[in-house]
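Here the structure comes first, spelled out in structure tokens, and everything after it is commentary.
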Amino acid sequence: MAYSQYNEEQTMLHVIRCCKEHKKDEFQGIIDELQPYDIAAIYRNLPEKHHPKFILMLEPKQIAVLIQELDIPLQVEMLQLLGVEKSSSIMNLMEKDDLADLLNGLSEERIAQFLSAMKKEESQYIQDLMSYPPDSAGGLMTNRFVSIYYSYTVREAVEKLKAYAEIAESINYLYVLNEAKQLVGVVSYRDLLLAEMNDLISAIMYERVISVPVDMDQEDVARTIQRYDFISVPVVDNQNHLLGIITVDDIIDVVIREANEDIEKLSASGKSIDFDTSAWTSSMRRLPWLILLLLIGLISGNIISMFDGTLEKVVALAFFMPMIAGMTGNTGTQSLAIVVRGLAHNDIDFRTILRLVFREFLVGLIIGITCGTLIAILGILWQNNAILGLVVGSSLFVTIIIGTLAGTMIPLLLYRLKIDPAVASGPLITTLNDIFSLTVYFTLATIFISHLL
């Protein structure tokens, strides 16, 4: 249910009134019409004094869904309001991958309390999940799927699907196992609808199953789902035993999270900084990079001082300095963004690297000729000096090519060295290109100084 800001406020007032007057049926009528995200938004915006009453008006399954939509501070608050015993019963209803993420943010003592109060089977599965790295397939998977044996008939498969549909996170696929509980096939919901009730699963299943190992990195899992357009993908161990599944909604979260991390690195802001980060914390996370860039930037100042004689003789050169440095940094940052994005979505080999470098060289050549010619003409018309136009235009031509190649090759070099290429941040590329561009610009100006006077 989508609603405007005015309707949201009205819904909030309606919820508060129901909580105050203990009108649970009316309250449930409101909640039933809302999506989990909208319920979480209401809970976040409710005055804190109404939180306990709000939770008491919810059904256990609704609480389990709500808690998965909240951030960690509100999750912890809700667990405290519910108490260990009730929280543990709610945890039995939660998606296990979301629950593992929640527990990982608590103290060991609190984790032990909750796990001991949960169902033994659910508790053991959560402990297994928490043993995997959070950014691996094992850390993302859930056990809420439907599996069947290859000896089943379609009728038996449908009966099991009906029995488990309420608790399964996805019923689009049924995963087929042999006696050793190894993954041997997959059957879609559509396959079951089109088959005869007495058909054997072994006769209609797809045997070529695409699965991911439990230790696969989450980015590689995302690539697999993107490559095959899956709604979910099974997770197996090294003996091909089915351990869980990863659904596309979890992968969307991974993609957004990884994209945010890359943006943070590209902007040299380090760890996550959001609207709620304090000024002190934000400053401390930015300062290391900025101090490093400041020190590197001193080299640019030193280059200018080395050519101060040239600058004093031809003051017009100063007018073009920001343009030369800025264009070089801009083209380098554009190439950097393209390369980092490409590395996140493609398998890179030496041939691909050569093709990419050559392509970006041609791009730099075309942009350099276009912009260099344009600025040369402007320089000639402005100062009525063909040599000045030649110096400025040639400098821009050369530095754009250098900037494009730097923005391409630095992240590729880091990738080959097994370093996250996103650390080749935009400010770093820009600072290095300032040094390259000013060196080229003043060197050419010095060479032609006699013609510029």
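Each residue of the sequence shown is one higher than the last, beginning at 582 in this note's numbering.
Just so you know, even glycine gets a beta-carbon here, dropped at the ideal spot from N, CA and C.
Since this is a predicted model, take the numbers as computed values, not measurements.
In the structure shown, the three-state DSSP call for D678 is helix. A Cβ-Cβ separation of about 6 Å places T912 in contact with I948 under the 8 Å criterion. Counting only unbroken stretches of 4 or more residues, the alpha helix (DSSP H) elements lying wholly within the region 956-1023 are 967-997, in sequence order.
Here DSSP, grouped into helix, strand and coil, assigns Q763 to strand.
Three or more Cβ pairs closer than 8 Å define a contact, and the region 772-783 falls short of that threshold against the region 813-822. In the structure shown, the three-state DSSP call for V814 is strand. Between I1010 and L977, the beta carbon gap of about 17 Å keeps them out of contact (Cβ cut-off 8 Å).
By DSSP's assignment, D798 forms a beta bridge with S717. Distance between M722 and D801, taken at the CA atoms: about 14 Å. Excluding its 5 nearest sequence neighbours in each direction, V973 has C-beta neighbours in its own chain below 7 Å: F901, I956, A957 and G960, listed in chain order. By the criterion of a C-beta distance shorter than 7 Å, D772 is surrounded in its chain by I785, once the five residues flanking it on both sides are discounted. H822 carries a strand assignment under DSSP once its states are collapsed to helix, strand and coil.
Judged by DSSP secondary structure, Y618 falls within the alpha helix (DSSP H) whose first and last residues are P617 to N626.
Distance from the Cα of Q643 is smallest, within the candidate group P628, E629, D1015 and N673, for N673. Burial check for L924: the Cβ neighbour count within 10 Å reaches 16 or more, so the residue is buried. The beta carbon of S669 is closer than 6 Å to those of F695, A698 and M699 in its chain, skipping five residues each way along the sequence.
Cβ neighbours of V938 within its own chain (closer than 8 Å, five residues either side excluded): L986, T989, M990 and L993. Secondary-structure assignment with DSSP links Y730 through a beta bridge to L758. Put simply, the backbone Cα of I982 is about 21 Å away from that of F1029. By alpha-carbon distance to I837, the top candidate from Q799, L879, E629 and Q820 is Q799. Counting along the chain, the unbroken alpha helix (DSSP H) around A698 starts and ends at E689 to A698.
For L971, the CB contacts under 7 Å within the same chain, skipping 5 residues up- and downstream, are A957 in chain order. For V646, the enclosing alpha helix (DSSP H) starts and ends at P641 to E650. Under DSSP, L781 forms a beta bridge with T734. Distance check between T828 and each of T914, I806 and N821 places I806 closest, using alpha-carbon atoms only. Under the three-state reduction of DSSP output, S769 falls in the strand class.
Here the region 637-652 makes contact with the region 603-613; the two share three or more CB pairs at distances below 8 Å. Taken through DSSP and simplified to helix, strand or coil, I748 comes out as coil.
The alpha-carbon separation between R598 and K605 amounts to approximately 11 Å. Rounded to the nearest angstrom, the gap between the Cα atoms of Q661 and A621 is 17 Å.
Apart from the 5 residues on each side of it in sequence, P794 sits with its Cβ closer than 8 Å to the Cβ of A718, V816, V817, D818 and N819 in its chain, given in chain order.
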